[in-house]
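Remarks on the structure that follows.
Number of protein chains: 2
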Amino acid sequence: MQADIRNILKRNQLSVTASREKILHLFLEQSGALAHGDIEKRAGEKFDRVTVYRTLQTFVEKGIIHTIPTADNSVRYALCKDNCEAGHHHDQHIHFVCSHCGQTFCLDDVVTPEIKLPRGYSTNHIEVVVNGICRECTA
Amino acid sequence: MQADIRNILKRNQLSVTASREKILHLFLEQSGALAHGDIEKRAGEKFDRVTVYRTLQTFVEKGIIHTIPTADNSVRYALCKDNCEAGHHHDQHIHFVCSHCGQTFCLDDVVTPEIKLPRGYSTNHIEVVVNGICRECTA
DNA sequence: ATCAAAAAAGCAACAATGTTGCAAATATTT
DNA sequence: AAATATTTGCAACATTGTTGCTTTTTTGAT
Numbered sequence: 001m002q003a004d005i006r007n008i009l010k011r012n013q014l015s016v017t018a019s020r021e022k023i024l025h026l027f028l029e030q031s032g033a034l035a036h037g038d039i040e041k042r043a044g045e046k047f048d049r050v051t052v053y054r055t056l057q058t059f060v061e062k063g064i065i066h067t068i069p070t071a072d073n074s075v076r077y078a079l080c081k082d083n084c085e086a087g088h089h090h091d092q093h094i095h096f097v098c099s100h101c102g103q104t105f106c107l108d109d110v111v112t113p114e115i116k117l118p119r120g121y122s123t124n125h126i127e128v129v130v131n132g133i134c135r136e137c138t139a
Numbered sequence: 140m141q142a143d144i145r146n147i148l149k150r151n152q153l154s155v156t157a158s159r160e161k162i163l164h165l166f167l168e169q170s171g172a173l174a175h176g177d178i179e180k181r182a183g184e185k186f187d188r189v190t191v192y193r194t195l196q197t198f199v200e201k202g203i204i205h206t207i208p209t210a211d212n213s214v215r216y217a218l219c220k221d222n223c224e225a226g227h228h229h230d231q232h233i234h235f236v237c238s239h240c241g242q243t244f245c246l247d248d249v250v251t252p253e254i255k256l257p258r259g260y261s262t263n264h265i266e267v268v269v270n271g272i273c274r275e276c277t278a
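Those protein sequences? They're chains H and B, same order as listed. Going left to right, the first sequence walks through residues 1 to 139 as the working numbering numbers them. Going left to right, the second sequence walks through residues 140 to 278 as the working numbering numbers them.
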């Protein structure tokens with residue numbers, strides 16, 4: 001695990017620092033998405049707020065994590081599975097927000113559908129967020 | 140137009156005030172979505188920030204406008220067409236963000252697709268945001 | 001039209017969130 | 001192990017959003 005973390009950092013030409021290791025660790029041990037606030041809490045108040053902001057920004061730039069759009073204000077981040085395996089960013093998957101536990105998940109196996117747009121519009125990227133009850137909360 | 144605005148407010152049991160008229164007017168004269176900041180700017184610095192927040196909140200509660208999820212931080216609001224005609228909230232349409240002009244539009248004619256989820260997940264609501272180039276910017 | 005009651009606006013103060021510049025600390029490279 | 005490059009933490013600030021309370025405006029009844 002620790003080796004994985006260092007690998008991911010090195011593969012992305014990032015120097016290995018305590019905060020990056022810790023924050024990446026949080027993502028790896030967690031199935032859902034994390035907001036900036038979650039990270040500050042779970043990191044055990046060890047890192048400066050600014051460091052967390054900058055680390056997340058760096059990870060997004062490198063494609064290690066991606067942001068998830070939400071209807072409320074909060075920005076959430078999740079590991080980009082494809083990237084972490086291949087070093088290249090594909091986000092064809094959809095996101096799921098559980099209205100019971102509040103967690104956000106990437107459904108890596110569910111592919112974004114085709115959308116037929118009116119004449120004159122062209123598409124770069126499609127983002128799908130499904131709201132409902134997740135597997136854990138249903139069981 | 141002015142009569143329309145008063146109608147919408149009255150239909151929703153809201154008292155008719157200058158700020159509500161002005162803000163609703165901004166939405167009606169505008170094809171795209173508005174963020175809180177846009178409204179403060181376009182209103183001509185007449186209203187207190189708090190009033191704008193509270194007005195938007197009220198409009199959302201009444202179903203006059205709805206929020207649009209975005210990957211960046213900003214919350215955007217758009218008129219709910221169905222509601223303004225029927226007094227009842229349906230948001231089956233998708234949203235389009237133009238990466239050229241930055242505007243956000245409701246594509247009222249494009250219906251949210253069916254999404255097949257893995258076993259154990261149930262769906263309440265599906266939000267689709269398409270990023271691309273809009274009709275204006277293509278022409 | 002006037003007045004009383006209800007609702008909303010504006011103000012002030014605050015809380016949370018995000019940003020920037022810079023000096024000190026840490027990681028990398030040789 | 002030292003020099004260089006990078007990152008961290010701090011302080012200060014900017015932006016965004018919230019809350020309580022007083023004044024103003026709107027509404028509804030007379």
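Glycine residues also receive a C-beta, built at the ideal position from the N, C-alpha and C atoms. These numbers come from a predicted model, not from an experiment.
| Asked | Found |
| --- | --- |
| 9 Å Cβ cutoff, T138(H) in contact with chain B | yes |
| Inter-residue CB distance, C273(B) and F244(B) (contact presumed, cutoff 8 Å) | 7 Å |
| Beta-carbon proximity list for N151(B), same chain, < 8 Å, skipping 5 on both sides | K201, G202, I203, G226 |
| Min CB distance E266(B) to chain H below 9 Å | yes |
| Contact list for S99(H) against chain B, beta-carbon separation under 8 Å | N263 |
| Reduced DSSP secondary structure (H/G/I, E/B, other) of T70(H) | strand |
| Boundaries of the alpha helix (DSSP H) in which C137(H) is found, first to last residue | 135-138 |
| is_contact[C273(B), chain H] using C-beta, thresh 9 Å | yes |
| Below-9 Å beta-carbon distance, T67(H) vs any chain B residue | yes |
| DSSP beta-bridge partners of C245(B) | H234(B) |
| Within chain H, the residues that F235(B) reaches when beta carbons sit closer than 7 Å | Y121 |
| Proximity test, E127(H) beta-carbon vs the ligand FMN heavy atom, cut-off 8 Å | Looking at this structure, you won't find the ligand FMN or any other ligand, since it has none at all. |
| Whole alpha helix (DSSP H) elements within the segment 146-220 of chain B, 4-residue minimum | 157-167, 175-181, 188-201 |
| Supposed contact pair V111(H) and H125(H) - C-beta distance, whole angstroms, cut 8 Å | Not a contact, Cβ separation roughly 13 Å. |
| Three-way DSSP call (helix, strand, coil) for G259(B) in this model | coil |
| Pick from D72(H), F47(H), Q2(H), K81(H) that is closest to D109(H), judged by C-alpha positions | K81(H) |
| Beta-carbon spacing of I207(B), A182(B) below 9 Å | no |
| Per-residue DSSP class, three states only, for I115(H) | coil |
| Beta-carbon proximity of E266(B) to V129(H), cut-off 9 Å | yes |
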